[in-house]
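Peer 1: There's a structure below that I have some questions on.
Below you can see the structure in the form of structure tokens.
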């Protein structure tokens, strides 16, 4: 436990927060597929969650990958910042991360206990759904300022879309690939296929387009 306590103390101080004084300030929250999480009660009265990447996930050792960790954590911070501009308070207002072999961490504001969805009334569920839907509708039109498209990756200084080519032309190329793949499928499929299937697919592809102005930042 001392090693964990020291790591949490390191994460707090590295994030500009107070020194950890008492082990009772720390509570184990649980784990996901990739991280262990701890709730820390600060003496200021605030609470933060400190997460550390696991050394094993899905039964396999997890190798230290600096670029991948920067990509994930920098993208998380960018998403939180944009989301809070769209709807203040919907994401943690404080988020910091550090990537270092053996001492990688994230620290973020504690958002409170999870909602028990199975205990919501129909009215409560409706209002939450409407609120979330409104948020995502606004989020999809928010100006994120990120370059490129596709999965976000770390280029050594900041995050950007994996693909830096013209997004409209890339979509056209992908549409053609879908049509070519379906044609190959038709040639080898032994069952019955509607004669209008290819025509309908081609019509769908004509409507499937995107521009730089419609690339959205999704979680």
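In my numbering, the protein residues as written are 9 to 227.
No residue lacks a Cβ here, since even glycine has one placed at the ideal position from N, Cα and C.
Per the contact definition of three or more C-beta pairs closer than 8 Å, is the segment 183 to 203 in contact with the segment 110 to 124?
Peer 2: Under the 8 Å Cβ criterion, the segment 110 to 124 does not count as touching the segment 183 to 203, having fewer than three qualifying pairs.
Peer 1: DSSP three-state call for residue 165: helix, strand or coil?
Peer 2: Taking the chain shown and counting its residues from 1, one reaches residue 165 at position 157. It is coil, neither helix nor strand.
Peer 1: On the DSSP letters alone, give me the boundaries of the beta strand (DSSP E) that residue 49 sits inside.
Peer 2: Start at 1 with the first residue of the chain shown, and residue 49 comes out as number 41. Start and end: 43 to 49.
Peer 1: Who does residue 38 pair with in a DSSP beta bridge?
Peer 2: Taking the chain shown and counting its residues from 1, one reaches residue 38 at position 30. Answer is 45, bridged to residue 38.
Peer 1: For residue 216, I'd like the list of residues in its chain whose CB is within less than 8 Å of its CB, leaving aside the five on either flank, ordered along the chain.
Peer 2: By one-based count along the chain shown, residue 216 stands at place 208. So the qualifying residues of the chain are 179, 183.
Peer 1: Between residue 41 and chain D, is there a C-beta pair that is closer than 9 Å?
Peer 2: The structure shown has no chain D; it contains just one protein chain.
Peer 1: Measure the alpha-carbon distance for residue 127 versus residue 177 and round it to whole angstroms.
Peer 2: Here residue 127 is taken as the residue at index 119 of the chain shown, counted from 1. Here residue 177 is taken as the residue at index 169 of the chain shown, counted from 1. Spanning the two alpha carbons is a distance of roughly 48 Å.
Peer 1: Drop a sphere of 10 angstroms on the beta-carbon of residue 66, count the other beta-carbons inside from all chains shown, and report buried for 16 or more, exposed for fewer.
Peer 2: Residue 66 sits at position 58 when you count from the first residue of the chain shown. With fewer than 16 Cβ atoms within 10 Å of its Cβ, residue 66 is classed as exposed.
Peer 1: Nearest by alpha-carbon distance to residue 189: which of 171, 105, 209, 173 is it?
Peer 2: As a position in the chain shown, residue 189 is number 181, starting the count at 1. With distances taken between Cα atoms, residue 189 lies closest to 209.
Peer 1: Could you spell out where the beta strand (DSSP E) holding residue 105 opens and where it closes?
Peer 2: Stepping through the chain shown from its first residue, residue 105 is reached at position 97. First-last of the beta strand (DSSP E) with residue 105: 103 to 106.
Peer 1: Nearest-angstrom Cα distance between residue 162 and residue 202?
Peer 2: Stepping through the chain shown from its first residue, residue 162 is reached at position 154. Stepping through the chain shown from its first residue, residue 202 is reached at position 194. Cα-Cα distance, rounded: 45 Å.
Peer 1: I'd like the list of long-range same chain contacts for residue 155, defined as Cβ closer than 8 Å, with 5 residues on each side in sequence excluded.
Peer 2: Position 147 of the chain shown, counted from the start, is the residue given in the question as residue 155. Cβ within range, chain order: 168, 169, 172.
Peer 1: Considering just the uninterrupted stretch of the alpha helix (DSSP H) at residue 144, what are its terminal residues?
Peer 2: Taking the chain shown and counting its residues from 1, one reaches residue 144 at position 136. Looking at the DSSP string, the run of the alpha helix (DSSP H) that includes residue 144 is 130 to 147.
Peer 1: Consult DSSP for residue 69 and reduce its assignment to one of helix, strand or coil.
Peer 2: The residue given as residue 69 occupies position 61 in the chain shown. Residue 69 falls in the strand class under three-state DSSP.
Peer 1: Return yes when the Cβ of residue 224 is within less than 9 Å of the Cβ of residue 175, no when it is not.
Peer 2: As a first step, residue 175 is located in the chain shown; it is residue number 167 there, counting from the start. As a first step, residue 224 is located in the chain shown; it is residue number 216 there, counting from the start. No, these two residues do not count as a Cβ contact at 9 Å.
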